[in-house]
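Colleague:
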Amino acid sequence: MTPLNQFTPTTEPLFQSSWYKKYNPLQNPTTHDECVRRLPLFKIRPELVEDAQKGGSKLVEAFSQGIWGGPGYTIQRLYLERKYRNDTTTAHQLWTPQDLKTSTYEKGTEITDHFVVLDKSPTSILIRCGDSPLHNPDTNRPSDGLFEISATTDLDKGFAEFRLKSIFYQGEGDPQDKTKGPMSPTMATMHQIYTKLWMESAMSHVKQ
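Sequential numbering from 242 applies to the sequence shown in this note's numbering.
1) Considering only DSSP beta bridges, list what S391 is partnered with.
2) Just checking my contact of P270 with T420 at CB under 8 Å: how many whole Å lie between their CB atoms?
3) Do S298 and P374 have their CB atoms nearer than 9 Å?
4) Contact between the region 321-332 and the region 282-301: three or more CB pairs below 8 Å?
5) Fully enclosed by the region 323-373, which beta strand (DSSP E) runs are 3 residues long or longer?
6) The beta strand (DSSP E) with P281 in it runs from where to where?
7) Can you check whether the CB of R382 is closer than 9 Å to the CB of S391?
8) Count the other C-beta atoms from every protein chain shown that fall within 10 angstroms of the C-beta of T337, then say buried if there are 16 or more, exposed otherwise.
9) Which of the three DSSP states is assigned to K419 in this structure?
10) In the DSSP assignment, find the unbroken alpha helix (DSSP H) run with I308 in it and report its ends.
11) Taking buried to mean at least 16 other C-beta atoms within 10 Å of its own C-beta, is T353 buried or exposed?
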């Protein structure tokens, strides 16, 4: 995990993004973390490295596929499926491991009624989390967050770098305590552990 003093509102570009300013207009306190993993390029599927060299997005797509379609997300996926999957309002969303492992996660993609892709570049996928994408899709929510998945390559040094960034906040109204983020220290630690699980689960989908 990135030390919290290196992932702060003053140093992290995600805190300065238009999405963050839109969904946390009151600048309420956050709970945030970042997980980073590096892999030598020779351990990564060759077609992903080749595409990255050409400026393509297949590496970050494969990383995202490994997160959502991998074993690290299974328990949460099954829980959300049991609660929210139906043939009407959520039928268009991604639910099955097969769909989650093959989606390219374009803007607007909705994942298990809890995540929606806000933006995408060749090296990153930005996701809104914290509530159903059907609830207040363009306005603030009491419970909200941004989750950025990124994958970049350093051809000169011979490695790829994978990052998972999470920022959680109360997007609507004033919190009771303006000095604390929405998660307790225990919950924040548990989320960091969960993020590490997602990271390791996703690596199996990008390795050859």
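The C-beta atom is built at its ideal place from N, Cα and C for all residues, glycine as well.
Modeller: On the basis of the coordinates in this document:
1) Note: S391 sits in a beta bridge opposite S365 and R404.
2) For a cut-off of 8 Å, the C-beta gap from P270 to T420 is around 7 Å, short enough to register as a contact.
3) Not a contact, by the Cβ cut-off of 9 Å.
4) Taking one beta carbon from each stretch, the region 321-332 and the region 282-301 have fewer than 3 pairs nearer than 8 Å; the two do not touch.
5) Scanning the region 323-373 from its first residue to its last, the whole beta strand (DSSP E) runs of 3-plus residues come out as 356-361 and 365-370.
6) Start and end: T271 to P281.
7) Not closer than 9 Å, so no.
8) Exposed is the call here.
9) The answer is coil: DSSP assigns K419 none of H, G, I, E or B.
10) Here the alpha helix (DSSP H) through I308 covers K299 to G310.
11) T353 is classed as buried because its beta carbon has at least 16 other beta carbons within 10 Å across all chains shown.
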